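Have a look at the structure below, then the notes.
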Amino acid sequence: MSILVTCFMIFLICLFQNDTGAYFIIELAILVATAVLAFFLSWRRMFLIVLSIILITGFSLVFLTDSTIYNQYILIMEHIFLSGSVLLIWIIFSYVRKMEDDLEKIQLKVQQLEKYQGSSQLLTLSEFRNRAMIITTGTKRRDEQNYLLILEVLVQGNTYQALHHSVEATLLNTIRDRFDLVAKFDHDKYIIFLQNTDEKGTQIVIDRFIGQMRTQLNLVDLPFAYYVYKSNAFDLEKMAPYREAGEL
Numbered sequence: 056m057s058i059l060v061t062c063f064m065i066f067l068i069c070l071f072q073n074d075t076g077a078y079f080i081i082e083l084a085i086l087v088a089t090a091v092l093a094f095f096l097s098w099r100r101m102f103l104i105v106l107s108i109i110l111i112t113g114f115s116l117v118f119l120t121d122s123t124i125y126n127q128y129i130l131i132m133e134h135i136f137l138s139g140s141v142l143l144i145w146i147i148f149s150y151v152r153k154m155e156d157d158l159e160k161i162q163l164k165v166q167q168l169e170k171y172q173g174s175s176q177l178l179t180l181s182e183f184r185n186r187a188m189i190i191t192t193g194t195k196r197r198d199e200q201n202y203l204l205i206l207e208v209l210v211q212g213n214t215y216q217a218l219h220h221s222v223e224a225t226l227l228n229t230i231r232d233r234f235d236l237v238a239k240f241d242h243d244k245y246i247i248f249l250q251n252t253d254e255k256g257t258q259i260v261i262d263r264f265i266g267q268m269r270t271q272l273n274l275v276d277l278p279f280a281y282y283v284y285k286s287n288a289f290d291l292e293k294m295a296p297y298r299e300a301g302e303l
């Protein structure tokens, strides 16, 4: 990358060292327009535009000077440096875009490999899905039922962070360790996977959570909404139910 930038700077110096007036403005406008287009367009489309710029400027510059041998020599050198500068802009932007794409892929792979969200004990969504699917395969074989509980926190503003910290700690304290799973999604929602249970067991978990949160917050009406689904009625990939399910 440093070599490309160095070559680009050398080409610019060679291009503008003798340019004045109209030539300077035209060439500068071409380079700026190329850089702007390279920022928005794909490298394939940009390559066609770069070739078009080189060909058009090659023919156009002929009519901007007299046809003396000296002027033709200056014209050829200017076109070489302008073409090189335009090509280097395309190469540099293509390289940077490729690096950005590679970085996004690496970050996505890291997120998929991570098991917990930050420093908390909440599972990442990818880890939650993987574990839930593995557990579901086993419970189907044993003819057992799993439930999913969606908890939505209805608070914004200054108390948001403090409340979410309390919710996370209470959820982890409410579920059965090594049996149930908890993850956070959509900024203000939590999903709890309850293994080998029924509606009664799910309600026990809800009551235990509500009781502990009511003690902590000292409120009659808690800022939560919760929804219960059977695991076979919920799409873990889309994080949405296959069909409408009632609110308990």
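Just so you know, we're using this note's numbering here: the sequence shown kicks off at 56 and counts up by one.
Where is the CB? At the ideal position from N, CA and C, for every residue including glycine.
The structure presented is a predicted model; accordingly, all values stated were derived computationally and were not measured.
- Item | Beta carbon of residue 284 nearer than 8 Å to that of residue 203 | yes
- Going by the beta-carbon positions, is the gap between residue 279 and residue 209 smaller than 8 Å? yes
- Item | Assumed close pair residue 229, residue 263 - CB separation to whole angstroms, cut-off 8 Å | 5 Å
- Anticipated Cβ contact below 8 Å, residue 265 with residue 277, distance rounded: 6 Å
- With DSSP collapsed to three states, give me the class of residue 82. helix
- Give the range of the beta strand (DSSP E) segment to which residue 288 is assigned. Taken as a continuous stretch (DSSP letters only), residue 288 belongs to no beta strand (DSSP E), as it is neither H nor E.
- Message: residue 107 and residue 191 - do their beta-carbons sit closer together than 8 Å?
- Response: no
- Item | Cβ distance (whole Å) where residue 161 is taken to contact residue 93 below 8 Å | That pair is no contact at about 23 Å.
- Message: On the CB-based measure, 16 or more other CB atoms within 10 Å of its CB, does residue 232 come out buried or exposed?
- Response: exposed
- Item | Reduced DSSP category for residue 292 - H, G, I as helix; E, B as strand; rest coil | coil
- Item | Reduced DSSP category for residue 207 - H, G, I as helix; E, B as strand; rest coil | strand
- Message: So, with DSSP's three-state summary, where would you put residue 275?
- Response: coil
- Report the rounded CA-to-CA distance for residue 86 versus residue 140, giving the unit in angstroms. 8 Å
- Task: For residue 198, count neighbouring Cβ atoms within 10 angstroms of its own Cβ and tell me buried if that reaches 16, exposed if not.
- Result: exposed
- Three-way DSSP call (helix, strand, coil) for residue 249 in this model: strand
- With distances taken from CA atoms, which of 281, 84, 194 and 206 is nearest residue 234? 194
- Message: Give me, in chain order, the residues of the same chain whose beta-carbon lies closer than 8 Å to that of residue 267; leave out the 5 immediate sequence neighbours on both sides.
- Response: 225, 228 and 229
- Query: Going by Cα to Cα distance, which pick from 152, 256 and 246 is closest to residue 293?
  - Reply: 246
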